[in-house]
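**Student:** Going by the working numbering, the sequence shown opens with residue 106, and the numbers climb by one from there.
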Amino acid sequence: MCATNASGVCQPPSGRRVSARTAARRRWDLALRRTAAVAALALVVDQLTKRVLREAIGRGDVVGFLPGLDLVHWRNRGIAFSSFADSPLIIGVLVLGAVGAVLAWFLRHADLPGAWIGAGLLVGGAVGNTVDRLTLGSVIDFLRITGGPAFNLADVAIVAGALTLAAAARRDAPTPSRTPPSAHRASRAGR
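If you want it as structure tokens, here you go:
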């Protein structure tokens, strides 16, 4: 990190002067690398757990794991509660659109604390389920809260990523105490 002086020049700990623009680019590059690392980790963990499950549990079987949590080996051709199971083109468009929207938002907000974690989880989970669809024709779901729908770690990553991004965006949203008085006057004038 660095401290910016009055002329907008960043002074890193090494003593070498770096412009504010260069410092911002470095922060953005770091956030992008972190996002890619989180996405890769989510993808690898998802695919490894699915591979272990396919070898350990027969297709359609249910095994009690913990009280209230079962291990299952189910296939899901749709998304979210089997929606669009007979429409792979719609699924592809929805997944690409969602990942594109997340990445577009992230590119504009990469400096928000935690945004790289949320974006990485969401993208890694989406890619994990897409790999299943492309290689197996369906997504493997292996966790089920007793009596509920089945899901997998990619689904968990997607939900956790979305919640993390929402929290990052909420922290960045202007509050009445952070909004300049001129903005309040302008919003009241438009009523």
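Heads up, the beta-carbon is just placed ideally off N, CA and C, and yes, glycines get one too. Quick caveat, the model's predicted, so the values are computed rather than measured.
Pick helix, strand or coil for Asn257, following the three-state DSSP scheme.
**Tutor:** Residue state for Asn257 is assigned as coil, using DSSP reduced to three classes.
**Student:** What do you reckon, are the CB atoms on Ala267 and Leu227 nearer than 8 Å?
**Tutor:** Cβ atoms of Ala267 and Leu227: closer than 8 Å.
**Student:** Are three or more beta carbon pairs between the segment 148 to 162 and the segment 199 to 217 nearer than 8 Å?
**Tutor:** no
**Student:** Looking at C-alpha atoms only, which residue of Leu137, Asn181, Arg122 is the closest neighbour of Asp196?
**Tutor:** Before going further, note that residue 196 is Ile rather than Asp in the sequence given. Ranking Leu137, Asn181, Arg122 by Cα distance to Ile196 puts Asn181 first.
**Student:** Using DSSP with H/G/I as helix, E/B as strand and the rest coil, what is Arg169?
**Tutor:** First, the residue type needs correcting, since residue 169 is Gly and not Arg in the sequence shown. Strand at Gly169.
**Student:** Which partner residues of Ser250 appear in the DSSP bridge assignment?
**Tutor:** Note that residue 250 is Ile in the sequence shown here, rather than Ser. Paired residue(s): Leu174.
**Student:** Skipping 5 residues on each side, what residues in its chain have a beta carbon closer than 8 Å to that of Ala141?
**Tutor:** Gly225
**Student:** Apart from the five residues just before and just after Ser243, which ones in its own chain have a Cβ nearer than 7 Å to its Cβ?
**Tutor:** Excluding residues within five positions, the ones whose Cβ falls inside 7 Å are Arg180, Asn181, Arg182, Asp237.
**Student:** Could you give the DSSP three-state label for Arg238: helix, strand or coil?
**Tutor:** helix
**Student:** Relative to the alpha-carbon of Val232, which residue among Thr269, Ala129, Val207 has its alpha-carbon at the smallest distance?
**Tutor:** Ranking the options by Cα distance to Val232, first place goes to Val207.
**Student:** Output the residue ranges of the alpha helix (DSSP H) runs that lie fully inside the segment 192 to 240 and measure 4 residues or longer, sorted by chain position.
**Tutor:** 193 to 214
**Student:** Would DSSP call Arg180 helix, strand or coil?
**Tutor:** Note: Arg180 maps to strand in three-state DSSP.
**Student:** Please name the residue, chosen from Val143, Asp166, Gly252, that lies closest to Thr269 on a Cα-to-Cα basis.
**Tutor:** Val143
**Student:** So, with DSSP's three-state summary, where would you put Ile245?
**Tutor:** DSSP places Ile245 in strand when its eight states are reduced to three.
**Student:** Could you check if Val177 is buried or exposed, using at least 16 other CB atoms within 10 Å of its CB as the buried criterion?
**Tutor:** buried
**Student:** Strictly under 8 Å for the Cβ-Cβ distance: is Val236 near chain D by that measure?
**Tutor:** You won't find chain D in this structure, because it holds only one protein chain.
**Student:** Determine, using beta carbons only, whether Ile184 and Leu199 come nearer to each other than 8 Å.
**Tutor:** If you check the CB distance, Ile184 and Leu199 come in under 8 Å.
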